[in-house]
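Here's the structure we're looking at; comments come further down.
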Amino acid sequence: MAHQFFFNPFILDNLPAPATGFDVVQDISEPRLRLYVTSRGVKTFFVRKRVHGRDKRIIIGNYPAMDVEDARSAVAGVLESALQKTPVRRKKISLKKFLDVYLEKRVRRNSISRDKLERAIARHLVPLLDKNVDAITRDDVTQVIGNISGRAIAGRMQEFLQSVFKYAVDSGYVKQSPIVGLPRVPQHRRVRPLNRHGFHRLMQAIEQESDLNLRAAFFMLVYGFAPKSQVFSMQWRDLDFNHYTWCERPLSDMAVVLLQDLPQDGRWVFPGRGRGHLTDPRTAWRRVAVAAGIPNLTMDDVHKFLMRQLTWTSDCEDFRNNMNAVLTDVVG
1 MAHQFFFNPF
11 ILDNLPAPAT
21 GFDVVQDISE
31 PRLRLYVTSR
41 GVKTFFVRKR
51 VHGRDKRIII
61 GNYPAMDVED
71 ARSAVAGVLE
81 SALQKTPVRR
91 KKISLKKFLD
101 VYLEKRVRRN
111 SISRDKLERA
121 IARHLVPLLD
131 KNVDAITRDD
141 VTQVIGNISG
151 RAIAGRMQEF
161 LQSVFKYAVD
171 SGYVKQSPIV
181 GLPRVPQHRR
191 VRPLNRHGFH
201 RLMQAIEQES
211 DLNLRAAFFM
221 LVYGFAPKSQ
231 VFSMQWRDLD
241 FNHYTWCERP
251 LSDMAVVLLQ
261 DLPQDGRWVF
271 PGRGRGHLTD
281 PRTAWRRVAV
291 AAGIPNLTMD
301 DVHKFLMRQL
311 TWTSDCEDFR
321 NNMNAVLTDV
331 VG
């Protein structure tokens, strides 16, 4: 049974990601509304409905691109549409044109992520783009997936095509998906290399970083309990030191001390080149990781490690206390 609570932005922003697989939570205000939380931190609204004798899970949209109230409002319409009989499309349509429809109707991504997906389509699915959707066979898909170098991207493109053809079936353009029964691309899942001993070495390596701005940013990856994209794009206007909050999320004591010692002479807490904020200091991080004796450590590994230690609670002050307890335990 899904864990039930009243959906609101603070709670959803701070939902911990599971170590593997996904978790499901349910809204008390609109019990038909549920949310997937994957191990990568992706949060997706959905509803369940028995349609034509089959249990069906219908995706509404990703959070926070879709806010809670919009998701609640969409539930009734989504369920009503699910009960409608699928129309049979007699008009032929190429995969390229169908993908334009699919991306418009079903994909909820920011502009950067969407551009990345479109580049992957243009690079890997070229042999299929000019074929009609109903003419694409299982052998065609197998050949295209087999020609993709790298198991990770091949697996993601296979999952993408599976979703595309499922939508094609639901839309009436094809009777059966050519992906059905196709074996998954075997994956070698990456083992996150960070443990408590390595964490102490990492803190010592960060302390030795000569660039003061990068040193503070790397420490904030630890003290902030947030992904690197959010940490590096922090703005001074979003911080409230009177209430120890950042965009209404609590700040740990160590984060407050770190931030108060930084010069507040611009828009960004961690400025980058030009007028923007720090983006992705891979070279500096690689230097720190090697110094810590964990050369394959990523910044995302740090966030995942800390979130696994953190006990979630809906109360802001209790959540802040839990953050402090985790940092006292792992940092010392």
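Going by this note's numbering, the sequence shown opens with residue 1, and the numbers climb by one from there. The beta carbon of each residue, even a glycine, is placed where N, CA and C say it ideally should be.
Pick from the options that is closest to residue i, judged by C-alpha positions
i: R156; options: V174, L128, R190 and A120; result: A120
i: V75; options: P16, T245, V47 and L95; result: V47
i: S307; options: D115, P127 and P16; result: The amino acid at residue 307 is misidentified as Ser; the sequence shows Met. Selected option, being the one with the closest Cα: P16.
i: D59; options: Y167, H243 and P250; result: Looking at the sequence shown, residue 59 is not Asp but Ile. Closest option to I59, Cα to Cα, is Y167.
i: D27; options: F5, K43 and N14; result: F5
i: V78; options: A284, K105 and K91; result: K105
i: M66; options: A216, H200, G332 and K43; result: K43
i: L258; options: F241, G272 and G274; result: F241
i: P31; options: S81, K49 and G41; result: K49
i: I148; options: L212, L12 and R123; result: R123
i: S29; options: A71, D315 and G146; result: A71
i: E317; options: S113, L262 and H243; result: H243
i: R286; options: K92, A154, E118 and L297; result: L297
i: F98; options: S113, K131, D115 and L83; result: K131
i: D261; options: L278, R282 and R215; result: R215
Proximity below 8 Å, CB of residue i to CB of residue j
i: T313; j: N322; result: yes
i: V144; j: V174; result: no
i: M234; j: V288; result: no
i: E248; j: F7; result: no
i: S73; j: L129; result: no
i: Q158; j: V185; result: yes
i: E209; j: A284; result: yes
i: V169; j: Q176; result: yes
i: R196; j: V330; result: yes
i: Q264; j: W236; result: yes
i: P271; j: N213; result: yes
i: Q187; j: A135; result: no
Own chain, CB closer than 8 Å to residue i, minus 5 neighbours either side, in chain order
i: K228; result: L221, D280, M299, D300 and H303
i: F22; result: Y36, V37, T38 and S39
i: S252; result: Y223, G224, F225, R320, M323, N324 and L327
i: R192; result: D301, K304 and F305
i: D211; result: A284
i: T142; result: L182
i: N62; result: V42, K43, T44, F45, R108 and R109
i: E118; result: L103
i: K91; result: none
i: L12; result: L35, K43, Y63, P64 and V68
i: D238; result: W246 and C247
DSSP beta-bridge partners of residue i
i: R48; result: R57
i: L35; result: V25 and F45
i: H303; result: DSSP output for H303 lists no bridge partner at all.
i: Y223; result: In DSSP, Y223 forms no bridge with anything.
i: S94; result: N132
i: D240; result: T245
i: N62; result: T44
i: P271; result: H277
i: F7; result: Answer is none; F7 lacks a bridge partner.
i: P250; result: T245
Own chain residues within Cβ distance below 7 Å of residue i, not counting five before or after
i: T137; result: P178
i: V333; result: There is no way to answer for residue 333, as the model of the chain reaches only from 1 to 332.
i: A291; result: A205 and Q208
i: L310; result: P16, F225, N322, M323 and V326
i: A96; result: Residue identity differs from the one stated: residue 96 is Lys in this sequence, not Ala. Only L129 and D130 meet the Cβ criterion.
6 Å CB neighbourhood of residue i in its chain, flanking five on each side removed
i: R57; result: F46 and R48
i: V68; result: F7
i: F165; result: S177 and I179
### Length at least 4, wholly inside the segment 139–201: the alpha helix (DSSP H) runs in chain order
151–171
### Query
Whole alpha helix (DSSP H) runs in the segment 100–139 with 4 or more residues, listed along the chain?
Counting whole runs of 4 or more residues, the segment 100–139 contains the alpha helix (DSSP H) stretches 111–124 and 126–129.
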